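Q: First the structure, which I've put down as structure tokens, then a few questions once you've had a look.
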Amino acid sequence: MFKILKYSFFDLIRSRWSYVYFLFYLALGFVLLFLNNDLSKAVITLMNVIIVLVPLIGTIFGVMYFYNSKEFTELLLAQPLKRSSIFLGQYLGVAGSLTMSLVFGLGIPFVLYGLFKSDAIWNFSLLLVTGTFLTLIFTALAFNIALAHENKIKGFGFAVLLWLFLAVIYDGLFLLSLIVFEEYPLDTFSLVATMFNPIDLSRTLILLKLDISALLGYTGAIFKQFFGTNYGLILSLVMLLLWTIFPIFSLIFKAKRKDF
Amino acid sequence: MFFLIGCLFTCIMLKANTIEVCSSCTIKSIKEGVSKSSDFDTLLIKKGTYKEFNIIIDKPLTVIGKSFPVVDGEDQGEIITIISDYVTIDGLFIINVGTSYTTDYAAIRVVRSKHFLIQNVVLEKLFFGIYLEKASEGKVFHNNIIGDAVEEFNSGNGIQLWHCKNVIVSQNIVQHVRDGIYLEFSDDIVIKNNISSNNVRYGLHFMFSNNDEYVNNTFDNNGSGVAVMFSKKIKMHNNTFKKNWGSSSFGLLLKEINDAEIIGNTFEENTTGISIEGSNRVRYEKNDLINNGWAIKVRGACYTNTFVNNNFLYNSFDISYNSKLNDNEFKNNYWSSYTGYDLDKNGIGDVPYRPVKLFSYIVNRTPETIVLLRSLFMDIIDFSEKVSPVFTPDNLTDANPLMRKFQ
Chain A
1 MFKILKYSFF
11 DLIRSRWSYV
21 YFLFYLALGF
31 VLLFLNNDLS
41 KAVITLMNVI
51 IVLVPLIGTI
61 FGVMYFYNSK
71 EFTELLLAQP
81 LKRSSIFLGQ
91 YLGVAGSLTM
101 SLVFGLGIPF
111 VLYGLFKSDA
121 IWNFSLLLVT
131 GTFLTLIFTA
141 LAFNIALAHE
151 NKIKGFGFAV
161 LLWLFLAVIY
171 DGLFLLSLIV
181 FEEYPLDTFS
191 LVATMFNPID
201 LSRTLILLKL
211 DISALLGYTG
221 AIFKQFFGTN
231 YGLILSLVML
241 LLWTIFPIFS
251 LIFKAKRKDF
Chain B
1001 MFFLIGCLFT
1011 CIMLKANTIE
1021 VCSSCTIKSI
1031 KEGVSKSSDF
1041 DTLLIKKGTY
1051 KEFNIIIDKP
1061 LTVIGKSFPV
1071 VDGEDQGEII
1081 TIISDYVTID
1091 GLFIINVGTS
1101 YTTDYAAIRV
1111 VRSKHFLIQN
1121 VVLEKLFFGI
1131 YLEKASEGKV
1141 FHNNIIGDAV
1151 EEFNSGNGIQ
1161 LWHCKNVIVS
1171 QNIVQHVRDG
1181 IYLEFSDDIV
1191 IKNNISSNNV
1201 RYGLHFMFSN
1211 NDEYVNNTFD
1221 NNGSGVAVMF
1231 SKKIKMHNNT
1241 FKKNWGSSSF
1251 GLLLKEINDA
1261 EIIGNTFEEN
1271 TTGISIEGSN
1281 RVRYEKNDLI
1291 NNGWAIKVRG
1301 ACYTNTFVNN
1311 NFLYNSFDIS
1321 YNSKLNDNEF
1331 KNNYWSSYTG
1341 YDLDKNGIGD
1351 VPYRPVKLFS
1361 YIVNRTPETI
1371 VLLRSLFMDI
1381 IDFSEKVSPV
1391 FTPDNLTDAN
1401 PLMRKFQ
């Protein structure tokens, strides 16, 4: 498995897209910090970018890589190797290189602008942690979709639809249900609904850490009570972890049964 | 006649003596000093600790503390009560005012008097600080009031004016009390250059007071900044309201306010910058609203208010409205989230700006939806609402938004 991981990883590291991705984050980080020197403000702006772009790029990249390396995968399948290690290796290679681009691309400008001396360090770390989780989750989901569909167009279509659903449509439905059921107490419902979408969960986690919770009024107080404590933070991270583990297991499960 | 009165007055003044009070003098207490003095005398209180309360000053006296003598009320009750005109209190350090749930004990109370001056007084461990009751033509200047209030129900106000007229309150520092400065039924009051911070409830609180003016004050980190309620013709100029942060906090609350002027103020980092309810004909000019959650929250029954030349910078929501009706005018403001263009380069944007986002309308309706703040979906529907308004008041626009910050 580690050989395949290493191969995929270095293959991607050498590829142009990883550099583009890395340079994009690098440029974004520098431009943001150049425009306003305030680290904590830059963190808020970055959050907007991260919760939209990271899942999208993870999804597209995952699907793309899977389809592109299909011949290589089939070659590997002919070898006496465990299927789980082939797919897991490839998955970790993709997710690892994306995560690295993200962490270094954003980390370098922030460190150069004095992150370690600033109190934004925890918020920034949280941002990177959620960014990493989002990459892991959405790459795994993309692999699942690609594995299920031989047809590339269909696979891409579903992958983009998945992103669209979790990033936009889910919030729309969430909003709609909040308005339709406004007569009822909705605090627990909103908490649970937030938990079931990794993008919403990441957004809420970061927002509450950034102390705009006072904006949120009564509902915010309940959210703050939940997410603001260590218990809530740990539970959210566990939830994100579950979001990562389930697609990976389903990937392995499906890969084992698939007839290539 | 005037000459005669003037002469009489100077004659009395010439007769005035200075009486010294100290632990080794013939007069050992302030009370004794007051009773042994005659009109227009000066009581000079030397350094030391005076454990006294219920000192009643019933004649025109000048009480001067030399290097801040301590007057310790030992939590027994009120400390100094002034019931005569022409009284000056200067340079005392008053501590331990009694706390009561039935009587408003104050460190210094002025009752039905005119021409008083309270200056350079330091108050600590107080219940009520300086309490002016039906007093007029006086001045409260350069005092330092530091309380230890934690809860609203068992604490008092720093400076309280009740049924007063023509009083100047300036250069005071008020901290950690319930309301920093509180006015009730007080007209023609000038409040300037004060710093009111870390108070439990409001930095400054107006009730039923008209024709007042507050200028160059700073209200920092109070439960809420300033509440102006049921008052007319208030002038609010060049004040700073900042860091009133909490789920129900605001920089400035206007409730039933008519014909006021709000000019040149700075509202920074408040949950709600200005919250307006039932206020008419108020002019907002040249204010800076920076980094607030809601810059201005209009709650209803607000008519013919004008907002001109204000800077709205980086607020989560610029304006929030809870109705589709709008009778207020917005013009020539600078909005940091304005995305229009200026083809003729006259400094005024060619596209009107709509300060009310759809999201702020939705949040007003269903507060729980705030959890979707900064979601991509919200940005999309805000954008579509901006292009063709359906839910937000369609005449609520700034037709001439500025392209650059108003200086």
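Residue numbers (the working numbering), protein chains in the order written: chain A, 1 to 260; chain B, 1001 to 1407. Using N, Cα and C, we set each Cβ at its ideal position, and we do this for glycine too. Every value quoted in this text rests on a predicted model; they were computed, and no experiment measured them.
(1) Between residue 144 (chain A) and the rest of its own chain, which residues show a CB-CB distance below 8 Å, the 5 nearest in sequence each way excluded?
(2) Check the Cβ of residue 1289 (chain B) against every Cβ in chain A and list those closer than 8 Å, keeping chain order.
(3) Check each candidate in B:1150, B:1393, B:1072 and B:1171 and name the one with the smallest Cα separation from residue 1119 (chain B).
(4) Are the C-beta atoms of residue 1366 (chain B) and some chain A residue less than 8 Å apart?
(5) Does the distance from the C-beta atom of residue 1098 (chain B) to that of residue 1129 (chain B) stay below 8 Å?
(6) By Cβ distance, which residues of its chain are closer than 7 Å to residue 167 (chain A), with the 5 residues on each side in sequence left out?
(7) Would you check if the stretch 1381-1388 of chain B and the stretch 1305-1324 of chain B touch, i.e. whether three or more CB-CB distances between them fall below 8 Å?
(8) So residue 1260 (chain B) and residue 1242 (chain B) are in contact, right, with Cβ under 8 Å, and what is the actual spacing, rounded?
(9) Cβ of residue 1358 (chain B) within 8 Å of Cβ of residue 171 (chain A)?
(10) Quick check: the Cα distance between residue 1076 (chain B) and residue 1053 (chain B), rounded to an integer number of angstroms?
(11) Beta-carbon within less than 6 Å of residue 160 (chain A)'s beta-carbon, same chain only, minus the 5 sequence neighbours each way: which residues are those?
(12) Does the stretch 1343-1352 of chain B come within contact of the stretch 15-23 of chain A, defined as at least 3 CB pairs closer than 8 Å?
(13) List the endpoints of the continuous alpha helix (DSSP H) containing residue 90 (chain A).
(14) Determine, for residue 226 (chain A), whether the minimum Cβ-Cβ distance to residues of chain B falls below 8 Å.
(15) Answer with buried or exposed for residue 1021 (chain B), where buried requires no fewer than 16 other C-beta atoms within 10 angstroms of its C-beta.
(16) In its own chain, which residues sit with a C-beta less than 8 Å from the C-beta of residue 1027 (chain B), not counting the 5 before and 5 after it?
(17) Short check: CB of residue 1396 (chain B) to CB of residue 1356 (chain B), under 8 Å?
(18) For the stretch 176-197 of chain A, which residues have a beta carbon sitting closer than 8 Å to at least one beta carbon of chain B?
(19) Is residue 195 (chain A) helix, strand or coil when you go by DSSP?
(20) Spatial neighbours of residue 1324 (chain B) within its chain, please: C-beta separation below 6 Å, excluding the five flanking residues on both sides.
(21) With distances taken between CB atoms, is the gap from residue 1251 (chain B) to residue 1221 (chain B) smaller than 8 Å?
(22) Shortest alpha-carbon distance to residue 1310 (chain B) belongs to which of B:1169, B:1381 and B:1283?
(23) Taking DSSP as the reference, what is the three-state secondary structure of residue 1236 (chain B)?
(24) Identify, in the order they occur along the chain, each residue of the same chain with its Cβ nearer than 6 Å to the Cβ of residue 1045 (chain B), setting aside the five sequence neighbours on each side.
(25) Just how far apart, CA to CA, sit residue 137 (chain A) and residue 22 (chain A)?
(26) Does the stretch 228-238 of chain A come close enough to the stretch 55-75 of chain A to have 3 or more Cβ pairs within less than 8 Å?
(27) Does the count of Cβ pairs from the stretch 1139-1156 of chain B and the stretch 1171-1182 of chain B closer than 8 Å reach three?
(28) Taking the DSSP output, what are the residues bridged to residue 1353 (chain B)?
(29) Where do the N-terminal and C-terminal ends of the alpha helix (DSSP H) with residue 1440 (chain B) fall, by residue?
(30) Which residues in chain B sit within 7 Å of residue 223 (chain A), going by Cβ to Cβ distance?
(31) In terms of DSSP beta bridges, what is residue 1255 (chain B) paired with?
(32) Would you call residue 120 (chain A) buried or exposed, if buried means 16 or more other Cβ atoms sit within 10 Å of its Cβ?
(33) By the DSSP assignment, the alpha helix (DSSP H) with residue 38 (chain A) in it spans what residues?
(34) Out of curiosity, what's the CA-to-CA distance linking residue 1281 (chain B) and residue 1186 (chain B)?
(35) Please report whether the beta-carbon of residue 204 (chain A) lies at a distance below 8 Å from any beta-carbon of chain B.
(36) Would you verify that the beta carbon of residue 1374 (chain B) is, or is not, closer than 8 Å to some beta carbon of chain A?
A: According to the structure shown:
(1) Against the first sequence, residue 144 (chain A) aligns to sequence position 144. Taken in chain order, the residues that qualify are 247, 250, 251 and 254.
(2) Here the question's residue 1289 (chain B) lines up with position 289 in the second sequence. Under the 8 Å cutoff, chain A gives no residues; its nearest Cβ is about 15 Å from residue 1289 (chain B).
(3) In the second sequence, counting from the first residue as 1, residue 1119 (chain B) sits at position 119. Out of B:1150, B:1393, B:1072 and B:1171, B:1171 has the C-alpha closest to the C-alpha of residue 1119 (chain B).
(4) Locating residue 1366 (chain B) in the second sequence gives position 366, counting from the first residue. Yes, residue 1366 (chain B) lies at the interface with chain A (some Cβ there is under 8 Å from its Cβ).
(5) What you label residue 1098 (chain B) is simply residue 98 of the second sequence in a count that begins at 1. What you label residue 1129 (chain B) is simply residue 129 of the second sequence in a count that begins at 1. Cβ atoms of residue 1098 (chain B) and residue 1129 (chain B): not closer than 8 Å.
(6) As a working mapping, residue 167 (chain A) is identified with position 167 in the first sequence. Result list for residue 167 (chain A): 52, 55 and 199, in chain order.
(7) no
(8) Your numbering for residue 1260 (chain B) matches position 260 in the second sequence. Your numbering for residue 1242 (chain B) matches position 242 in the second sequence. Not a contact, Cβ separation roughly 20 Å.
(9) On the second sequence, position 358 is the one that residue 1358 (chain B) refers to. On the first sequence, position 171 is the one that residue 171 (chain A) refers to. In this structure, residue 171 (chain A) does not lie closer than 8 Å to residue 1358 (chain B) by Cβ.
(10) For the purposes of this step, residue 1076 (chain B) is identified with residue 76 of the second sequence, where counting begins at 1. For the purposes of this step, residue 1053 (chain B) is identified with residue 53 of the second sequence, where counting begins at 1. One Cα belongs to residue 1076 (chain B), the other to residue 1053 (chain B), and the distance between them is close to 7 Å.
(11) Here residue 160 (chain A) refers to the residue found at position 160 when the first sequence is read from its first residue. Around residue 160 (chain A): no qualifying Cβ.
(12) no
(13) For the purposes of this step, residue 90 (chain A) is taken as residue 90 along the first sequence, with counting starting at 1. DSSP places residue 90 (chain A) in the uninterrupted alpha helix (DSSP H) bounded by 83-112.
(14) Position 226 of the first sequence holds residue 226 (chain A). No, its Cβ sits nowhere closer than 8 Å to a Cβ of chain B.
(15) In the second sequence, counting from the first residue as 1, residue 1021 (chain B) sits at position 21. With 16 or more Cβ atoms within 10 Å of its Cβ, residue 1021 (chain B) is classed as buried.
(16) For the purposes of this step, residue 1027 (chain B) is identified with residue 27 of the second sequence, where counting begins at 1. Excluding positions up to five away in sequence, the list reads 1019, 1020, 1021, 1033 and 1036.
(17) Numbered from its first residue, the second sequence carries residue 1396 (chain B) at position 396. Numbered from its first residue, the second sequence carries residue 1356 (chain B) at position 356. In this structure, residue 1356 (chain B) lies closer than 8 Å to residue 1396 (chain B) by Cβ.
(18) Under the 8 Å Cβ criterion, the stretch 176-197 of chain A contributes 178, 179, 182, 186, 187, 190 and 194.
(19) Taking the first sequence and counting its residues from 1, the one referred to as residue 195 (chain A) is at position 195. It is helical.
(20) Residue numbering aside, residue 1324 (chain B) sits at position 324 when the second sequence is read from its first letter. Answer for residue 1324 (chain B): 1393, listed in chain order.
(21) Numbered from its first residue, the second sequence carries residue 1251 (chain B) at position 251. Numbered from its first residue, the second sequence carries residue 1221 (chain B) at position 221. Not closer than 8 Å, so no.
(22) As a working note, residue 1310 (chain B) is residue 310 in the second sequence. With distances taken between Cα atoms, residue 1310 (chain B) lies closest to B:1283.
(23) Counting from one through the second sequence, the residue named residue 1236 (chain B) turns up at place 236. In the structure shown, residue 1236 (chain B) sits in a strand (DSSP, three-state: E or B).
(24) Translated into positions along the second sequence, residue 1045 (chain B) becomes position 45. Same-chain partners within the cutoff: 1021, 1065 and 1069.
(25) The residue labelled residue 137 (chain A) in the question sits at position 137 within the first sequence. The residue labelled residue 22 (chain A) in the question sits at position 22 within the first sequence. Going by the C-alpha atoms only, they are around 19 Å apart.
(26) Between the stretch 228-238 of chain A and the stretch 55-75 of chain A, the count of Cβ pairs shorter than 8 Å is below three; the stretches do not touch.
(27) yes
(28) Taking the first residue of the second sequence as position 1, residue 1353 (chain B) is located at position 353. Beta-bridge pairing links residue 1353 (chain B) to B:1398.
(29) Outside the modelled stretch of chain B, which goes from 1001 to 1407, sits residue 1440 (chain B), for which no answer is possible.
(30) By 1-based counting over the first sequence, the position of residue 223 (chain A) is 223. Those within 7 Å of residue 223 (chain A) in chain B are 1371.
(31) Within the second sequence, residue 1255 (chain B) is the residue found at index 255, counting from 1. Residue 1255 (chain B) has B:1229 and B:1277 as its beta-bridge partners, per DSSP.
(32) Translated into the one-based positions of the first sequence, residue 120 (chain A) becomes position 120. Buried, since its Cβ has 16 or more Cβ neighbours within 10 Å.
(33) In the first sequence, residue 38 (chain A) corresponds to position 38, counting from 1. Segment: none, residue 38 (chain A) is in no alpha helix (DSSP H) and carries neither H nor E.
(34) Taking the first residue of the second sequence as 1, we reach residue 1281 (chain B) at position 281. Taking the first residue of the second sequence as 1, we reach residue 1186 (chain B) at position 186. Spanning the two alpha carbons is a distance of roughly 21 Å.
(35) To locate residue 204 (chain A), count along the first sequence from 1; it is residue 204. Closer than 8 Å to some Cβ of chain B, the Cβ of residue 204 (chain A) qualifies, so yes.
(36) The sequence position of residue 1374 (chain B) within the second sequence is 374, counting from 1. For residue 1374 (chain B), the answer is yes, since a Cβ of chain A falls inside 8 Å of its Cβ.
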